[in-house]
Amino acid sequence: MAVEAAFVTSHFLPSRCFPSPSAPSTPSSSLRGPDGPCEPHLAALLHWSLQTHALADLLASLSSARHSLHLFSECLDPAWEHALSTPRVAFRVHEAHRAELRAAVAALHSTAERFRCCPDWRQPKAATLYKWEVMAMVEARVVVFLDLDLEVLPQRSLRLLHRRRGGGVERKVASTWHQLLSCFLASNYSLLATPDHSSPVNAALMIARPSLPLYREGVDVLSSAAGRPFDFSRGWRSVGTPKAVLPAADAAWWRRPGQLEMLDWNSWRFVGASIDQGFFFYMTRLLHTHGTDLRTSACAAPSRDGVSEAAEHTTYFYHFGAHGGPKPERIAAAWRREARPCAARLVGAAAGSRTAAEALGRAAGWARRAAAALGELSRAPLAAAAAAQLRPALRQLEGGVRCVNESLAAWLAEGRRGGLPPSAVAAIVGGGEELPRAISLRAAACASCRWASYTAKSRYAEEHTADA
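For the sequence shown, the UniProt record's numbering begins at 1 and goes up steadily by one.
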């Protein structure tokens, strides 16, 4: 049966990204045991899977087509394929990406090691280039890539957390997604993504049209980049400085000065330039020009008086990483180490830093939402291998939240509440309801809104007149 939409994420263990050729081979199954390297990541993997599966199932109910989920990770047991697959949504676990893509990325890592250059190629984050595999997934008409720390349907986890019935908001979310994906399929876009403060493509959420010729061309570009340091002035294949090569019609020209470091600096030193974000930008908006900014596309929600209809926040996603700092599973892993003594030091350590305190609050909210979703799953019959992974994931979340609550109570009992910002206290004490910086899915670009990051007029003519 044809697949309408495939939802994809890619997870990797840093120690396994680029192993030494002389290192002994370790089977993936050995990583999944108790207290193994995979255990701290299970909660995030399962929470992503459950939220995304719920959205895919709702989408499938709106059409006659089947949908699918694809999780690239060595950590999730294949038993989850049976546990989470339904007649409308297939769930697939892939232990590795395509061999030719892995070889191309490994060559970039070797290049960085050889020349002592290119920090992102030398680090595990080079593995973000594996996201390019979405272009090879031609069994689906459209592929949605979502980072592991992106909650695509937080409304469901909140409903489960507060034990509310219904699901009308979730159905409205699915309807909005259905409209967006239908618009994309009716267009000639190859990629829709939103920018961040630095890059024109934030690779945490991308909507892609798979194409084997484009995939192969991308692998060739990656392969040809090996053997020499990345050109931070002129970019992939030394194409040129951003202002010199960015097409006049590209949406990046509508970003305000100070809102896109790629143009502000006119260089390829923006966030992710030499890895996923810069590579997708180069392939879909420079080498080819069918990619664009979702906010300026025809698929964005209509605006009236500068306010998008999507700004009602009924359809939004939550990207934990948009705040910076450690990912939620890293914080949860730290809770596991702290859980035995569980003294006030956990919250106390955050009191000296507003950033650390708010990160703790966000993590506590995330853990409550994830525990609610995993708790519901624990009541379903599961194969032994799947249940063996669910139990430690739930223990980690519930133990971590309990530790945070106890630490906070001890902290407040000593009269030190003033050391924590109110937003952090609210998030830690509350039920995970606070979702700071929740991101509207379809909101159109706005040049007149408060904190507007777009202009009403393209900067292209101004920039090129100034250069002349």
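All C-beta atoms in this analysis are idealised placements derived from N, C-alpha and C, irrespective of residue type, glycine included. Keep in mind it's a predicted model, so treat the numbers as computed, not measured.
Within the continuous alpha helix (DSSP H) that includes residue i, where are the two ends?
{"i": "Met135", "result": "It is not in any alpha helix (DSSP H) - Met135 carries neither H nor E in the DSSP assignment."}
{"i": "Asp264", "result": "Glu261 to Trp265"}
{"i": "Ala60", "result": "Leu42 to Ser61"}
{"i": "residue 487", "result": "There is no way to answer for residue 487, as the model of the chain reaches only from 1 to 468."}
{"i": "His82", "result": "Ala79 to Leu84"}
{"i": "Val93", "result": "No alpha helix (DSSP H) holds Val93; the beta strand (DSSP E) holding it covers Val89 to His94."}
{"i": "Ala126", "result": "That residue, Ala126, is in no alpha helix (DSSP H); it is neither H nor E in DSSP."}
{"i": "Tyr215", "result": "Leu212 to Ala225"}
{"i": "Leu191", "result": "Where Leu191 is concerned, there is no enclosing alpha helix (DSSP H), although the beta strand (DSSP E) it sits in stretches over Leu191 to Ala193."}
{"i": "Ala251", "result": "Note, Ala251: premise wrong, no alpha helix (DSSP H); not H, not E."}
{"i": "Leu408", "result": "Ala384 to Ala413"}
{"i": "Ala456", "result": "That residue, Ala456, is in no alpha helix (DSSP H); it is neither H nor E in DSSP."}
{"i": "Pro242", "result": "Pro242 to Val245"}
Assuming residue i and residue j are in contact, meaning their beta carbons sit under 8 Å apart, how far apart are those beta carbons, in whole angstroms?
{"i": "Ala44", "j": "Pro392", "result": "Actually they do not touch by this definition, with Cβ atoms about 13 Å apart."}
{"i": "Ala370", "j": "Leu397", "result": "6 Å"}
{"i": "Ala350", "j": "Ala357", "result": "4 Å"}
{"i": "Val245", "j": "Phe145", "result": "Going by Cβ atoms, the distance from Val245 to Phe145 rounds to 25 Å, so no, they are not a contact pair."}
{"i": "Arg384", "j": "Ala83", "result": "Here residue 384 turns out to be Ala, not Arg, going by the sequence shown. Not confirmed; about 11 Å, so no contact."}
{"i": "Thr292", "j": "Leu441", "result": "Rounded, the Cβ-Cβ distance is 16 Å, inconsistent with contact."}
{"i": "Met262", "j": "Pro213", "result": "That pair is no contact at about 27 Å."}
{"i": "Ala301", "j": "Ala443", "result": "6 Å"}
{"i": "Glu4", "j": "Arg141", "result": "6 Å"}
Taking 7 Å as the line, does the beta carbon of residue i fall inside it for any heavy atom of the ligand GDP?
{"i": "Leu84", "result": "In terms of ligand content, the structure shown is empty, and the ligand GDP therefore cannot be addressed."}
Cα separation between residue i and residue j?
{"i": "Glu217", "j": "Glu100", "result": "12 Å"}
{"i": "Ala461", "j": "Asn266", "result": "16 Å"}
{"i": "Val307", "j": "Cys446", "result": "Confidence at Val307 is low in this model, with a pLDDT of 41, below 50, so its placement is unreliable and the value that follows should be read with caution. The straight-line gap from Cα to Cα measures roughly 8 Å."}
{"i": "Ala208", "j": "Ser407", "result": "44 Å"}
{"i": "Ala359", "j": "Ala136", "result": "36 Å"}
{"i": "Leu62", "j": "Leu46", "result": "25 Å"}
{"i": "Ser28", "j": "Cys75", "result": "7 Å"}
{"i": "Arg256", "j": "Arg92", "result": "41 Å"}
{"i": "Ala203", "j": "Ser49", "result": "19 Å"}
{"i": "Leu108", "j": "Leu129", "result": "10 Å"}
{"i": "Lys125", "j": "Pro14", "result": "8 Å"}
{"i": "Gly361", "j": "Val425", "result": "7 Å"}
{"i": "Ala373", "j": "Trp236", "result": "42 Å"}
{"i": "Ala65", "j": "Pro78", "result": "24 Å"}
{"i": "Phe72", "j": "Ser378", "result": "23 Å"}
{"i": "Thr289", "j": "Ala54", "result": "33 Å"}
{"i": "Arg159", "j": "Gly240", "result": "49 Å"}
{"i": "Ala311", "j": "Phe12", "result": "Low confidence applies here, because Ala311 scores a pLDDT of 42, under 50, leaving its location unreliable; read the following figure in that light. So the two alpha carbons sit approximately 34 Å from each other."}
{"i": "Lys172", "j": "Ser274", "result": "38 Å"}
{"i": "Leu382", "j": "Lys131", "result": "30 Å"}
{"i": "Arg156", "j": "Trp451", "result": "29 Å"}
{"i": "Val271", "j": "Gln259", "result": "13 Å"}
{"i": "Asp264", "j": "Pro229", "result": "23 Å"}
{"i": "Leu161", "j": "Cys38", "result": "26 Å"}
{"i": "Gly324", "j": "Lys243", "result": "27 Å"}
{"i": "Glu81", "j": "Ser30", "result": "19 Å"}
{"i": "Gln51", "j": "His464", "result": "46 Å"}
{"i": "Ala226", "j": "Gly168", "result": "50 Å"}
{"i": "Lys457", "j": "Leu286", "result": "21 Å"}
{"i": "Ala90", "j": "Glu139", "result": "12 Å"}
{"i": "Ile331", "j": "Ala103", "result": "32 Å"}
{"i": "Gly166", "j": "Glu376", "result": "15 Å"}
{"i": "Gly400", "j": "Leu153", "result": "23 Å"}
{"i": "Ala333", "j": "Arg395", "result": "11 Å"}
{"i": "Asp18", "j": "Asp120", "result": "Per the sequence shown, the amino acid found at residue 18 is Phe instead of Asp. Phe18 and Asp120: Cα-Cα distance of roughly 13 Å."}
{"i": "Arg32", "j": "Ala438", "result": "33 Å"}
{"i": "Ser238", "j": "Met283", "result": "13 Å"}
{"i": "Trp268", "j": "Asp231", "result": "8 Å"}
Tell me where the beta strand (DSSP E) around residue i begins and ends.
{"i": "Thr292", "result": "Gly291 to Asp293"}
{"i": "Arg102", "result": "Note, Arg102: premise wrong, no beta strand (DSSP E); alpha helix (DSSP H) at Ala99 to Phe115."}
{"i": "Ala300", "result": "It is not in any beta strand (DSSP E) - Ala300 carries neither H nor E in the DSSP assignment."}
{"i": "Phe72", "result": "Arg66 to Phe72"}
{"i": "Tyr282", "result": "Run containing Tyr282: none; DSSP gives neither H nor E here."}
{"i": "Ala322", "result": "Element bounds for Ala322: n/a, residue is neither H nor E."}
{"i": "Ala208", "result": "Leu205 to Ala208"}
In chain order, each beta strand (DSSP E) run of at least 3 residues that lies wholly inside the segment 146-177: none
May I ask you to verify whether the segment 95-112 touches the segment 394-414, counting CB pairs closer than 8 Å and requiring at least 3? no
contact_flag[the segment 315-326, the segment 134-151] where n(CB pairs < 8 Å) is 3 or more: yes
Touching or not, the segment 176-196 and the segment 103-118, by the rule of three or more beta carbon pairs under 8 Å? no
Counting Cβ pairs closer than 8 Å, one from the segment 184-192 and one from the segment 294-302, do we hit at least three? yes
Please determine if the segment 271-285 and the segment 218-237 are in contact, where contact requires at least 3 C-beta pairs separated by less than 8 Å. yes
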